[in-house]
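To keep things clear, I will list the structure first and then write my remarks on it.
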Amino acid sequence: MNEMNTKQSVPSKNLDKKLDIYLSYADLLLKYSRNQEIEIFNGKLKDHDGHSPIYYFKIESETYRDLKNIRAIYFFKYGKKPYKCDIISLEKDHLELRISDFPTENTTIENGDIVIDLRFIIEQQKKALEKLKNPKYEKQRNIIFGNTSMSEGVFVECAFKKENLNDEQKEAIEYAVGVKSIYLIWGPPGTGKTTVAPEIVGNYIRMQKEKGNDKPKILVCGYTNAAVDNIVKTLFDDFKLMIVRFGKITLKGKYKEICLENILKKEKEKIYGELMKKEEEFEDDKRKLEIEEKECAKSIDNINVEKEELESRINEIDKNIASLKKQKQKRWQQLITHYFKKKKNGINNRIAQNSTKWKKLKENGLLVIEQIDKTKFEITQINKKIIDKGENINSLEKKEIKNKETIKIVELYLEMTNKNLISAFFTKNIFKFTNPIYNRYKREIKKLKIKNMNFRELEPLCSELIKDNNITKAAITGKRNELKETEEIHEKKTDEFEKLKTKSASLKKEILEIKSKIEKDKKEYEIIDEKISSEPTQLMDTVSEEIEELIDKKLSEINNALDEQTKNHEIIVKKLNYLESDEKVLSNNKNDIEQEIEDLIESFELIKLDIQRKKNELISKILHEKTIIATTNMSVCNKQVGDIDFDIVIMDEAGAIDLLGAVIPLLRTKKVVFLGDPQQLPPVIVNNAREMDDFLKKHPELEKSIFEIFQNRCPDEKNKKRLVMLKKQYRMRKEISKFVSDNFYKGDLEYVEPDKSEVNYTLKENDDPVLDIRYPMLCLLNSFHTEYSKYGSGYCNGERILIKKIIQSFKDTYGEDIADKIAIITPFREQANRIKREIRDVECGTVHTFQGQEKEVIIYSTVKYHPNADETFGYLLDTRKSKKAENLLNVAVSRAKEKFVIIGCRKLFSNVELYDELFKYIKKLNGIKLPEELKEEYVIKNFCKMCKKPIENKYEYCYYCNIINRIRTFIEDKPRKYKAKDSDLLRSSYEVRIDDWFHDNHIYHEVEKQLPLYEHLYCDWFLPKKDMFTQDIYVEYWGPMGDKGYEKHRKTKEELYRKHGLTLLSIEPADMKALDDVLTRRLSGFLVKKENR
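Going left to right, the sequence shown walks through residues 1 to 1093 as the UniProt record's numbering numbers them.
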């Protein structure tokens, strides 16, 4: 670069210090940088170019914008593996991506990520900064970091191809062509900034040729591919043979002709056709091998599919077998259980029958014993009779004997009476002393007095004795007959007794046998009962062969099915073994083919390297031969561009590029023309860490754009030799243009009235101001509620619903195609995301994504309806917080060609000065509209989030629910971390004391029970009446008072208790001093009387 005009030198130390600040900033960016990942879905194989297949992806508009703004190297991540890739074509609804060395068997890609390596950008920028320490770049360092003013450009008379250029545009071209170091072209929105680029390029080439430089090198660059492609389109018609577009592109149609990729296709055959033939041969051989490999792989896949099917069938059969076995086991168990239950029932019946029989036998036995006892008694009695009769007979026989002997004695004495007295005397004495009878009957003789009787007396006595003896004989005979009868009866009874004894013994035996059978059956019953309740396997061990045969007959159907499944299993296993054998053969073939491919690749590697070398030479040749290289700032560091120095650099959108983003091209040229607008979006500064935030606050110059840095070094902005501001505005309608000019450009913009014959507005007159072209600027005042995502980004459902209704009205009036001419802009990402999910056919995004674009209708969603705690509306909306808010509104308004609609609240428009100016301006245009002034279809009804009652739009809850929500929030802010005796968790130590009191006094209580009023409202304790109290009691400990908000919440809650007739027992902090007395006294009034308990 040329030296700047300086009156004083810049100390080298100061320059180094500034440079070190930027290097430290780059280190911080590296420390906290993260790669950006853009997810893409449902890719389909479109074409195959060797190892680099091309996939077609359908994409959303947001993905399109992210891809369009790629400004760094990127790769494709599939699973966890990275692949080199190139975006071949990028449209709003689809993407074509070439992926190097990607497995071509993947005909579809379910999802993957395009990963942007942001660290690479910063590393390259840091390397460029470090180069500035080299003495070789001392002049560049002085220009970039010096405090001196820029050198003036030299006026160069130019020839203009475009006839309708205005004076500022012509001056900008003339001084830009004569730039000595830095020249600034300030192009506010719609002023034709990009139209001057072709004129600068054309005149600069002409000037260089006049100076003898037939091959001037011009770099046209920007920070994003989209910015570069916008300026390339303006250069195409005049310079398509001189320009090459290097890097990733978003161009389509005819513009692809100048892309390096397309130029290569045309030139490479001329340069290395022979190598290409070898490559074709290699690719052909490789393709054939790959086809064979694919066929093997396909066969293996088919085998694997068949294996999977067979394995699936095996699994299914295994499941069936398992199921059948389970069924069999279950059925077997059921049958066995049924068998044993049946047997058990049989035993039970047998036990019952035997028990009945035993009972009857026992009863019979008792009867027999009774009979035996009776018979025995009878026998005893008979025996006694026999004995008595025997004794009677004996007695009678003795009597008879005695009678006989007495008769004999009497007869003897009678005989002696017939003798003489002497003979009788001697006979008597002989009888007396010699006959033992006398001695035996001595008494009877004496008693009868027969000694002194005579014949007459003895004869009747003898007859009487004979008669008496006959009677005795008869008695003896009778007694003997009786004895005989009695003995016969005795014999009968004895026989009967013996029979009864036999019968009793038999009964006893039978009873014992039956008892034994019962005991045996009971044991068998217990064993069967135990078996039934035992494990099936144990049950199986007890089954006899006979029973098993019986069961097998009943299980025949299941057994047949099981046998069939087992046979099928064996057949499939055999098939599977055959398939595994085939797979092994095919795998070996595949491995052989793969080895052949590897050998082929290895053999071709040298050829490939040669091809790559030639390719690089061709690229280098193209880049060196082409006069104009169009690429991003980052791509300038590419090694293929690395050895090219440029005569001039034209950098577009410089107002959005910081010094780091611009430094790489600045090192490669002597002259730079910056095109930009510092009043629009500033550079995007990464500030995702406290350390970064502190560093930026300490060095605010880091946040300035490269355009602003050099603009601040222009001592006189009206000096057209250093800076030209393009003032004539062609895009916006007059009313929109005036607001933009007055509030962002100090009134310097001039509205250019378009030729009426060329004007063809999309919008027409309509009785709905939202759709009416007569309202170029419209402010829809509302009172919605703002909510925030977990990341802190705001969103407003009310605005989203209203915008949806507005879009539908536009479609109903102007047709579906109007959607392409409308854009929805918002400062908040969360709001943009939510709108995009519901309104897919209308472009929607944050303000940042719309810089450089334009639409017929812009709808601006402000989202925020309440100020922050510091009474501001945040840095995205409030100029008091950040100048960025002014830039954002400028971009938002200036995107509109025909109509700008802003939705917001009165607080925003009255509290923020810039928005107040917008409000006043729109009011002059009669564009302020309240909901009641619009059609009914635009009226958004709002409902309480808790009770669902209708409420004003500005509220989230109704009055009562709002207080309840605050009470709930207050409670949620105090965690339950204090533990009571009964393990209840409380929110304070005082609450623990109260809970312990309930516990110690055996009072059932529930902590924080939901009230029967609202879903989100709870009491501190609930004491149900049960049998202790006369009614349910709700207990509240109010805690320390003093906070007005808390007092208000308390009064509302107390009012709710009264309103719904609930019994409230309040405990105050002062009550804690005598808690026992207080609670005893207050609860005593609710106790159930003892007699009623």
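For every residue, glycine included, the Cβ atom is placed at its ideal position computed from N, Cα and C. All figures in this text were calculated on a predicted structure; none of them were measured in a lab.
Residue i, buried or exposed, once every other Cβ within 10 Å from all chains shown has been counted against 16
| i | result |
| --- | --- |
| Gly661 | buried |
| His1060 | exposed |
| Tyr1004 | exposed |
| Val641 | buried |
| Gly253 | exposed |
| Lys531 | buried |
| Gly79 | exposed |
| Asp563 | exposed |
| Tyr761 | exposed |
| Gly655 | buried |
| Phe850 | buried |
| Phe41 | exposed |
Spatial distance of residue i from residue j (CA atoms)
| i | j | result |
| --- | --- | --- |
| Arg713 | Phe155 | 20 Å |
| Arg613 | Ile619 | 10 Å |
| Lys738 | Thr879 | 20 Å |
| Cys779 | Gly927 | 6 Å |
| Asn349 | Asn568 | 48 Å |
| Ala26 | Pro867 | 35 Å |
| Pro682 | Ile664 | 19 Å |
| Thr191 | Leu165 | 11 Å |
| Gly178 | Lys718 | 17 Å |
| residue 1113 | Leu396 | A question about residue 1113 goes unanswered here, because the residues of the chain that appear run from 1 up to 1093. |
| Pro769 | Cys796 | 23 Å |
| Lys17 | Glu199 | 39 Å |
| Arg206 | Glu653 | 25 Å |
Check whether residue i and residue j have beta carbons under 9 Å apart
| i | j | result |
| --- | --- | --- |
| Thr195 | Lys162 | yes |
| Cys85 | Ile650 | no |
| Phe188 | Lys727 | For the sequence presented, residue 188 should be read as Pro rather than Phe. In contact: Pro188 and Lys727 (Cβ atoms closer than 9 Å). |
| Leu28 | Met692 | yes |
| Leu500 | Gln371 | yes |
| Val759 | Tyr730 | no |
| Ile300 | Ser581 | no |
| Leu235 | Ala176 | no |
| Ile303 | Glu583 | yes |
| Ile839 | Val901 | no |
| Leu623 | Ile648 | no |
| Ile386 | His490 | yes |
| Ser783 | Tyr865 | yes |
| Lys44 | Thr108 | yes |
| Gln565 | Asn345 | no |
| Glu96 | Tyr64 | no |
| Leu118 | Asn35 | yes |
| Phe744 | Asn890 | yes |
| Phe246 | Thr631 | yes |
| residue 1098 | Ile218 | Only positions 1 to 1093 of the chain appear in this structure, which leaves residue 1098 out of reach. |
Residue range of the alpha helix (DSSP H) that includes residue i
| i | result |
| --- | --- |
| Leu660 | 659-666 |
| Asp742 | 734-744 |
| Met692 | 690-698 |
| Ser894 | 884-894 |
| Thr1080 | 1075-1084 |
| Ser989 | 989-1000 |
Enclosing beta strand (DSSP E) for residue i [first to last residue]
| i | result |
| --- | --- |
| Gly112 | 108-116 |
| Lys923 | No beta strand (DSSP E) contains Lys923, which is instead part of the alpha helix (DSSP H) from 913-924. |
| Phe674 | 672-676 |
| Arg98 | 94-99 |
| Val724 | 723-725 |
beta-carbon residue i near the ligand SAM non-hydrogen atom, thresh 8 Å
| i | result |
| --- | --- |
| Ile317 | With respect to the ligand SAM, the structure offers nothing, as it holds no ligand at all. |
- request: Write down every uninterrupted run of the beta strand (DSSP E) in the stretch 211-297 whose length is 3 residues or greater and which is fully enclosed by it, in chain order.
  value: For the beta strand (DSSP E) assignment, the uninterrupted runs of no fewer than 3 residues enclosed by the stretch 211-297 are, from N- to C-terminal side, 218-222, 243-245.
task: Could you name each continuous beta strand (DSSP E) segment of 3 residues or more that falls completely within the stretch 26-91, going from the start of the chain to the end?
output: Uninterrupted beta strand (DSSP E) stretches at least 3 residues long and entirely within the stretch 26-91 occur at 36-49, 52-58, 74-78, 81-90, given in chain order.
task: Would you mind listing the alpha helix (DSSP H) stretches within the stretch 556-629 that are 4+ residues and don't spill past its ends, in chain order?
output: Taking only runs of at least 4 residues, the alpha helix (DSSP H) segments lying wholly in the stretch 556-629 are 556-625.
- request: Could you pull out every unbroken beta strand (DSSP E) segment of at least 3 residues lying fully inside the stretch 748-825, listed in chain order?
  value: Fully enclosed beta strand (DSSP E) runs of 3 or longer: 777-781.
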